[in-house]
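Reading through the structure tokens given below for one structure.
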Amino acid sequence: MKKRTWMIYAAAAGILAVMPAGQMSEAAGLNVQAAVVEQGQMQLSYPKLYAETQNATQKMNEDIQRQLAPMQADYAAGRLQALHVTYKVTYSDAQKVSIIMHTYWVRQGSSLMEYKDMGLVYNKITGDRLALGDVLKQIPTASQIQQKLAQGPFKAYDAEGEHSLFYFKQGDAVKTVSSDFILTQKGEVCLIYNPYVFEGMARPVYVVLKEENVKA
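Heads up: the sequence shown begins at 115 in my numbering, then just goes up one per residue.
Right under this line is the structure:
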């Protein structure tokens with residue numbers, strides 16, 4: 115189970131051109147270190163961020179803990195029989211850092227692995243988590259995303275790293291604009307659509323918004 119999941123996320127990581135977990139950011143002002151928690155079938159590897167100010171450091175790390183807490187509580191309560199979390203830094207500059215956290219779990223009494231990706235984009239200086247509107251001058255609509263996927267400027271990738279328009283040939287395949295996103299190494303915005311947002315997709319889908327106006 116672990117090897118198969120690593121292969122899936124390694125393919126996705128190739129698309130996003132990520133930096134290795136635990137590597138110090140190339141831009142000044144942030145150090146990223148891996149924190150590891152292992153307890154039975156719960157294995158967590160998540161980022162600990164160290165900014166230039168204590169306030170920014172505290173805000174970012176508290177937000178990361180808020181993302182992890184519900185899953186850890188489910189495991190502690192016996193609702194999950196297995197829980198795994200890994201992460202990658204996908205982008206870093208003088209002001210922003212972008213991280214993707216890959217999670218998968220198995221519910222108690224089930225043999226089915228379930229997946230979810232979380233995009234975490236922070237302002238290094240303030241420690242604030244950034245929303246999509248903070249990085250894009252204009253957020254595209256669902257229909258605009260659909261159109262640009264069909265025409266080619268935007269790219270969609272599945273968890274195996276394959277680019278395919280199969281899922282987007284239907285005129286209404288994209289019904290929402292995901293608020294979950296990361297930045298690629300090129301600084302492009304990549305929306306994360308988690309399982310079953312697109313019909314029949316049991317793993318995350320990544321939509322890279324090429325040619326969009328990203329704020330400086």
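Where is the CB? At the ideal position from N, CA and C, for every residue including glycine. As the structure is a computational prediction, the values presented were derived from the model and not from experiment.
Please report how far the alpha carbon of V235 lies from the alpha carbon of G241, in whole angstroms. 10 Å
To the nearest angstrom, how far is the alpha carbon of I296 from that of G192? 31 Å
Please name the residue, chosen from L144, L158, F268 and V303, that lies closest to L246 on a Cα-to-Cα basis. V303
Whole angstroms are fine: how far does the CA of E228 sit from the CA of A196? 10 Å
For E176, name the three-state secondary structure that DSSP assigns. helix
Just checking my contact of V319 with D272 at CB under 8 Å: how many whole Å lie between their CB atoms? 6 Å
Straight-line gap, K162 to L305 (C-alpha atoms, nearest Å): 23 Å
Would you identify the three-state DSSP class for S224, choosing helix, strand or coil? coil
Can you tell me the Cα-Cα spacing of L267 and E152, whole angstroms? In the sequence as presented, Leu is not what sits at residue 267; that position holds Pro. Each residue's Cα considered, the two are about 42 Å apart.
Quick check: does the Cβ of A256 come within less than 8 Å of any heavy atom belonging to the ligand NAD? In the structure shown, the ligand NAD is absent, as is every other ligand, since no ligand is present at all.
Short of 8 Å in beta carbon distance, which residues of its chain neighbour M185, apart from the five on each side in sequence? Order them along the chain. L194, L197, V199, T217 and W219
Backbone CA spacing between Q333 and M174 [nearest angstrom]: For the chain, the structure presents residues 115 to 330; residue 333 sits outside this window and is missing.
Look up I259 in the DSSP assignment and say whether it is helix, strand or coil. helix
Local Cβ density within 10 Å of T290, reported as buried at 16 or more and exposed below that: exposed
Please report the Cβ distance between Y307 and S292, rounded to the nearest whole angstrom; I am assuming they are in contact, meaning their Cβ atoms lie under 8 Å. 5 Å
Which value, in whole angstroms, describes the spacing of the CA atoms of K269 and I259? 10 Å
CA nearest to the CA of D177, picked from M215, Y189, D248 and T204: M215
Rounded to whole angstroms, what's the CA-CA distance from A148 to K262? Just pull it up for me. 37 Å
Assuming Y160 and Q299 form a contact by the criterion Cβ under 8 Å, report the distance between their Cβ atoms to the nearest whole angstrom. With 8 Å as the limit, Y160 and Q299 do not qualify as a contact, their Cβ atoms being about 21 Å apart.
Reference L250, options L158, N327, G154 and E276, closest by Cα: N327
Output the distance between the C-alpha atoms of A414 and A208, rounded to the nearest integer angstrom. As shown, the chain starts at 115 and ends at 330. That puts residue 414 outside it, with no answer to give.
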